[in-house]
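What follows is a single structure, written as structure tokens, with notes after it.
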Amino acid sequence: MLVRKALELLSNSSYQYRCLVTVALPQIRRTPAAMATVPPPDVLRQPMHIPKKTLLGPGPSNPHPNIIEAMTQPILGYLHPEFLEIMDQTRAGLQYVFQTNNRMTLAVSGTGHSGMEAALVNLLEPGETVVICEHGLWGQRASEMATRMGCNVVKLPRAPGQAFETYDEIEEALKQHKPAVLFVCHGDSSTGVLQPLDGLSDICHRYNCLLLVDTVASLGGTRLYVDEMGIDCVYSGSQKVLGCPPGLAPITFSEAAIRKISNRKTKPLSFYLDMTLVGNYWGCFDEPRRYHHTGPINLVYGLRAAVTEVAKEGLENVVARHQQNALKLHRGLEAMGLQLLVKNPKFRLPTLTTVEVPEGVDWKFVTDHLMNKHKIEIAGGLGLTAGKVWRIGLMGYNSTEENVNRVLAAIAEALSLWEQAKQSAKI
Ligand SMILES: Cc1ncc(COP(=O)(O)O)c(C=O)c1O
């Protein structure tokens, strides 16, 4: 109140008055903060409690120590030349991980959902048609977003655990609906399905349709060569196979996708996710870089370290490691008498395995036991698989033989305890 009055006087009054107020103003500002009526919460007097856990669910996963180390480095300004250089190095690393020469390759500030929204909101305009392969929750999520954007959404559903084994139904939908975009989730973390993509872009391009692929749960742990596969837009998430904390969504756009964006009749519905503006900040175009939003500086350091870890091990080796550890896990689970949800091994996602909960077993008893006794996270189902499966993730730094053995032993122990509890309840 006093400050407002002083400012009014300052603008309306004579020179003498202005001098007086200018001298008095700092005194007024220094008055103790009597306005704060909400006291500091007592909980802030205690340190944060953060236990160490092994995250073998659908993500986030435990990061490589080098990634955490990178994130503790000093903060730079969002346009400082040293930070721009780190962004450039991160882009180059992402091009390697995506296996693409796409100039529009960057990381959106936000989790995997921001990648999904950025792709849809830039590639589609209201009223346009998108065909969405719904073989799990992530196709349903894309349908929800595209519907909100005012697009005409054509859904191709699949039962949980099923992939599109042939492209016949997809091609039929492209022929009939002439969509601008086809959406496919490469690795669906709700069902554990790996959807093959080879040859799909040829079909899309025959019908003048862009191919958009979600690789939030698969990038780095599966064979995904964006240029070779002719995919037009791919996004991912930092916190799963790349093993960085959550908060960045790597994304890449082909030249055809860039053309579609440049020829839009309307501006993208989101300013924050306008890829032309964000692409300029990331240095994707041959033009001076401008502020668009404050980049999440330390997360970018983390992502730079994450792509470095992939480069050090070699992409092919990283993919092979995920494949081998997933196979060991699958064999171990089957040896225990458990069934995998995805019946055909060809369609099993190596980074995330869905295991059917046997009749009469309480899925939560098992997940709770793993957490309480071993500090190991595995998850229950999600969407259509809720209550029906366990989801076990072996992602990035966590995809090790030791973790496979630990999680198998802990599940066997939990199931045997469940049996014992059932028996003693009968007695
Ligand atoms: C395949 C897939 N797409 C999208 C997402 C959404 O990512 P986020 O939770 O990071 O926003 C997830 C998250 O589990 C996912 O597994």
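Here this note's numbering is used: the first residue of the sequence shown is 20, the next is one more, and so on.
For glycine and all other residues, C-beta sits at the position ideal for the given N, C-alpha and C.
Could you check what DSSP says for residue 43 in three-state terms: helix, strand or coil?
Against the sequence shown, residue 43 aligns to sequence position 24. With a pLDDT of 49 at residue 43, under the threshold of 50, the modelled position of this residue cannot be trusted; read the value that follows with caution. Looking at residue 43 - three-state DSSP - the assignment turns out to be helix.
Does the beta-carbon of residue 404 have 16 or more other beta-carbons within 10 angstroms, so that it is buried, or is it exposed?
Position 385 of the sequence shown, counted from the start, is the residue given in the question as residue 404. Buried: at least 16 other Cβ atoms inside 10 Å.
Starting from residue 412, follow the beta strand (DSSP E) in both directions and report where the run begins and ends.
Numbered from 1 along the sequence shown, position 393 holds the residue referred to as residue 412. Here the beta strand (DSSP E) through residue 412 covers 408 to 412.
Got a sec? Which residues, its chain only, sit under 8 Å from residue 261 by beta carbon, not counting five neighbours each side?
In the sequence shown, residue 261 corresponds to position 242, counting from 1. 116, 238, 239, 255, 269, 322, 325, 326, 329 and 415.
Under DSSP, the alpha helix (DSSP H) around residue 268 begins and ends at which residues?
Position 249 of the sequence shown, counted from the first residue, corresponds to residue 268. Residue 268 -> not in any alpha helix (DSSP H); beta strand (DSSP E) instead, spanning 267 to 272.
Is any heavy atom in ligand 1 found nearer than 8 Å to the beta carbon of residue 478?
The displayed coordinates of the chain run from 20 to 446. Any statement about residue 478 would go beyond what the structure contains.
In three-state terms, what does DSSP make of residue 325?
Here residue 325 refers to the residue found at position 306 of the sequence shown. In this structure, residue 325 counts as helix in the three-state DSSP scheme.
Buried or exposed, going by whether 16 or more other CB atoms sit within 10 Å of the CB of residue 69?
Sequence index remark: in the sequence shown, residue 69 carries index 50 (1-based). Exposed is the call here.
Just reading off the beta strand (DSSP E) that residue 450 is part of, what are its end residues?
Nothing about residue 450 can be reported from this structure: the residues present for the chain run from 20 to 446 only.
What's the gap between the Cα of residue 397 and the Cα of residue 422?
The residue given as residue 397 occupies position 378 in the sequence shown. The residue given as residue 422 occupies position 403 in the sequence shown. Looking at the two C-alpha atoms, the distance is approximately 12 Å.
Helix, strand or coil: how does DSSP classify residue 152 here?
Here residue 152 is taken as the residue at index 133 of the sequence shown, counted from 1. In the structure shown, residue 152 adopts extended strand secondary structure according to DSSP, grouped into three states.
Around the Cβ of residue 42, are there at least 16 other Cβ atoms within 10 angstroms (buried) or fewer (exposed)?
One-based indexing of the sequence shown puts residue 42 at position 23. Low local confidence applies: a pLDDT of 48 at residue 42 is under 50, so the model's placement there is unreliable, with the coordinate-based value given in what follows. By the 10 Å Cβ count, residue 42 comes out exposed.
Let's see if you can read the secondary structure: which residues bound the beta strand (DSSP E) around residue 124?
As a working note, residue 124 is residue 105 in the sequence shown. 123 to 128 is the extent of the beta strand (DSSP E) around residue 124.
Could you check if residue 144 is buried or exposed, using at least 16 other CB atoms within 10 Å of its CB as the buried criterion?
On the sequence shown, position 125 is the one that residue 144 refers to. Buried, because 16 or more other Cβ atoms sit within 10 Å of the Cβ of residue 144.
Can you grab the Cα-Cα spacing for the pair residue 170 / residue 163, in whole Å?
As a first step, residue 170 is located in the sequence shown; it is residue number 151 there, counting from the start. As a first step, residue 163 is located in the sequence shown; it is residue number 144 there, counting from the start. Using only the alpha carbons, I get a separation of about 10 Å.
Give the DSSP-derived three-state secondary structure of residue 300 in the structure shown.
Within the sequence shown, the letter at position 281 stands for residue 300. Correct three-state label for residue 300: helix.
Can you tell me where the alpha helix (DSSP H) holding residue 484 begins and where it ends?
Within the shown structure, residues of the chain are numbered from 20 to 446, placing residue 484 beyond reach of any answer.
Expressed to the nearest angstrom, what Euclidean distance is found between the alpha-carbon atoms of residue 172 and residue 125?
Here residue 172 refers to the residue found at position 153 when the sequence shown is read from its first residue. Here residue 125 refers to the residue found at position 106 when the sequence shown is read from its first residue. The straight-line gap from Cα to Cα measures roughly 27 Å.
May I ask you to check if the CB of residue 130 is nearer than 8 Å to at least one heavy atom of ligand 1?
Stepping through the sequence shown from its first residue, residue 130 is reached at position 111. True, at least one ligand heavy atom lies under 8 Å from that Cβ.
For residue 5, which residues from the same chain have a beta carbon less than 6 Å from its beta carbon, with the 5 sequence-adjacent residues on both sides left out?
Not covered by the structure: residue 5. The range shown for the chain is 20 to 446.
Do residue 336 and residue 369 have their C-beta atoms closer together than 9 Å?
In the sequence shown, counting from the first residue as 1, residue 336 sits at position 317. In the sequence shown, counting from the first residue as 1, residue 369 sits at position 350. Not a contact, by the Cβ cut-off of 9 Å.
Sort 63, 275, 150 and 294 by Cα distance to residue 141 and report the nearest one.
Indexing the sequence shown from 1 puts residue 141 at position 122. The option with the nearest alpha carbon to residue 141 is 294.
Can you tell me whether DSSP reads residue 364 as helix, strand or coil?
By one-based count along the sequence shown, residue 364 stands at place 345. Reduced to three states, the DSSP call for residue 364 is helix.
With hydrogens ignored, establish whether the beta-carbon of residue 157 is closer than 8 Å to any heavy atom of ligand 1.
Within the sequence shown, numbered from 1, the residue matching residue 157 stands at position 138. Inclusion of residue 157 in the 8 Å shell around ligand 1 follows from its C-beta lying nearer than that to a non-hydrogen atom of the ligand.
Less than 7 Å between C-beta atoms, sequence neighbours within five positions excluded: which residues of the same chain meet that for residue 431?
Taking the sequence shown and counting its residues from 1, one reaches residue 431 at position 412. Excluding residues within five positions, the ones whose Cβ falls inside 7 Å are 355.
Does residue 280 come out as helix, strand or coil in the three-state DSSP assignment?
Here residue 280 refers to the residue found at position 261 of the sequence shown. In the structure shown, the three-state DSSP call for residue 280 is helix.
Starting from the C-beta of residue 152, find all residues in its chain whose C-beta is less than 8 Å away, skip the five residues before and the five after it, and write them out in chain order.
By one-based count along the sequence shown, residue 152 stands at place 133. Cβ within range, chain order: 158, 175, 177, 183, 189, 201, 202, 203, 204 and 214.
Start and end of the beta strand (DSSP E) containing residue 375?
Taking the first residue of the sequence shown as position 1, residue 375 is located at position 356. It spans 371 to 375 - the beta strand (DSSP E) in which residue 375 sits, taken as one unbroken run.
Pull up the DSSP beta-bridge partners for residue 171, would you.
In the sequence shown, the residue the question calls residue 171 occupies position 152. Answer is 148, bridged to residue 171.
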